[in-house]
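So for the sequence shown, this note's numbering puts the first residue at 10; every next one is plus one. A virtual CB, placed ideally from N, CA and C, is assigned to each residue, including glycine. Read the structure below first, then the notes.
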Amino acid sequence: MRWRISFRTSLSGKFLLSYLLIVLVGVATLLVVTFALAPTLFQAQLVPILQTHPEAMTTTEAIQRILGDFLGTLFIALAVAAIVATVTSLATSLFVARRITVPLRQMTQVSQRISAGNYAERIVIAPVHSTDELGQLASSINTLAVALEQTERRRLEVIGNVAHELRTPIATLEGYLEGLLDGVIEPSPLTWAMLHTEAGRLRRLVDDLQELSRAEARQVPLSLQPVTPQRLVQDALEPLEGQFAEKGLELQIHVPEDLPQVMADPTRAVQILTNVLVNALRYTPAPGKVVLAVNCEYTMVAFRISDTGVGLSPEQIAHIFERFYRVDKSRSRAFGGSGIGLTIAQSLAQAMGGEIRVESAGLGQGSSFTLTLPQSHS
Ligand code: ADP
């Protein structure tokens, strides 16, 4: 948006007019006070002189003439002084106003360019380094521009990642369908099963994306209530125990009896634990061990899931909660993972007042994920 600013409505105009008003009031006061006091003061000075010098004694008309001449001279001197004072004050006000309006004008131009989508724009003039209000305004605009730039970059990354994730299952489906159309692939139950698997992968990805956007916008409705850690652990483990046994992984559970209840949405808490347990199952080769231990941590309850699996490097740990981050892309895609499970889990944990932490001694050393949830005080 462009504003049309006339001289009268501009800040410079307002500064100039206000300074002019101050000068005029000052000059008027000076004139009124001077001419009110001058005759009395003049006479008070003149009388003692005439008394001590009687030879200078003169008529009342002569005194009146001297007084008139004195006031006339005084008026001319004051009028010239007032004009000079007005001109110098206006010049000073112009200088002061420019020091304020020039940076303001640049800030307006930069913020207009930022709002038009040029997020790399920054304010580079002097006030950025000063600590006064102008400096603070300039650095706030720069901070806003950095935040907008990062949001825009993440938005583009997400669009790119979504397109990339959709491309693979769509290409596979297209390949099968073309083969079927050309008669290269036999329409066997195996082919239908393959098509079904790919379609399922697409649907899961779209479901995950929807869940991710809702979780990140904190729009997942949460029904927070006191719940026992035992119940959460049991609900998360029940459907998975068979798969651990099938894969040949040892599963150890340590949940003390006397743990306090946690304040959480049971469905969402179980979803997070399931996500971390499924990852442990995926990324731990047999023979291996997964340990789920629950204990108190200050005002929180910590659910720690440790595995003897492939482990994580410090670099991988730094990115693990980012959207679409997968350590081994082809491998985890083969498992059906799109790299957004932990992003959703972290958003949900934070929405419940907790968090997920990850530790690993390094590649091949196993890893451990800890979900913390606040203790319930009821
Ligand atoms: P995905 O659906 O691909 O598993 P996640 O967000 O759940 O996505 O996990 C992101 C990545 O973190 C995984 O692709 C995997 O590389 C790594 N990861 C998660 N859990 C473990 C684990 N227990 N051990 C080793 N790597 C893991």
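For N288, the uninterrupted alpha helix (DSSP H) run begins and ends at P275 to R291, by DSSP. With a threshold of 8 Å, the Cβ atom of F378 counts as near the ligand ADP, since some heavy atom of the ligand is closer than that. Take the alpha-carbon of E195 and the one of M203: they are about 12 Å apart.
Beta-carbon to beta-carbon, A106 and S21 are separated by about 5 Å, close enough to satisfy the 8 Å threshold. Looking from the CA of A295, the closest CA among Q145, I150, F253 and L143 belongs to F253.
Counting along the chain, the unbroken beta strand (DSSP E) around L258 starts and ends at L258 to H263. A Cβ-Cβ distance of about 6 Å is found for the pair L76 and P48, placing them in contact under the 8 Å criterion. Between V229 and L351 the beta-carbon gap is near 16 Å, outside 8 Å, which marks them as no contact.
C-alpha of G251 to C-alpha of T317: approximately 19 Å in a straight line.
Taking C-beta atoms as the reference points, F312 and T381 count as a pair closer than 9 Å. Assignment of beta strand (DSSP E) within the region 35-59, counting only whole runs of 3 or more residues, yields no such run. For L246, the shortest C-beta to heavy atom distance toward the ligand ADP is 8 Å or greater.
Within the chosen limit of 8 Å, the ligand ADP does not reach the beta carbon of G209 with any heavy atom. Distances from the CB of T352 to the heavy atoms of the ligand ADP include at least one below 8 Å.
Straight through space, the alpha carbons of F51 and R108 are spaced by roughly 45 Å.
For T381, the enclosing beta strand (DSSP E) covers residues S376 to P383. Here the region 230-244 makes contact with the region 256-276; the two share three or more CB pairs at distances below 8 Å. Under DSSP, E368 forms a beta bridge with S377.
Under the 10 Å beta carbon count, S347 is surrounded by 16 or more other beta carbons and is classified as buried. Distances taken from the Cβ of I365 to the heavy atoms of the ligand ADP include none shorter than 8 Å. The three-state secondary structure of M361, taken from DSSP, is coil. Taking a C-beta distance under 9 Å as the contact criterion, L301 and V242 qualify as a contact pair. Out of L286, G320 and Q60, the CA that lies nearest to the CA of A354 is found in L286. Nearest Cα to T379 within the set M309, Q115 and P198: M309. Following the DSSP letters along the chain, one finds L231 in no beta strand (DSSP E), marked with neither H nor E.
Cα atoms of T152 and L29: separation of roughly 38 Å, rounded to the nearest angstrom. For D78, the secondary structure class from DSSP, reduced to helix, strand or coil, is helix.
Distances from the CB of I281 to the heavy atoms of the ligand ADP are all 8 Å or more. Contact between the region 319-335 and the region 371-378 is established, with three or more Cβ pairs separated by less than 8 Å. The shortest CA-to-CA distance from L143 to any of R114, S222 and Q219 is the one to R114. For Y128, the number of other beta carbons within 10 angstroms of its own is at least 16, and it is reported as buried. Assigned with DSSP and collapsed to three states, F330 falls in coil, not helix or strand.
If the five residues before and after R223 are omitted, its C-beta is found closer than 6 Å to the C-beta atoms of V229, all from its own chain and listed in chain order. Here DSSP, grouped into helix, strand and coil, assigns G348 to coil. The ligand ADP never approaches R176 closely enough for any of its heavy atoms to be under 8 Å from the residue's Cβ.
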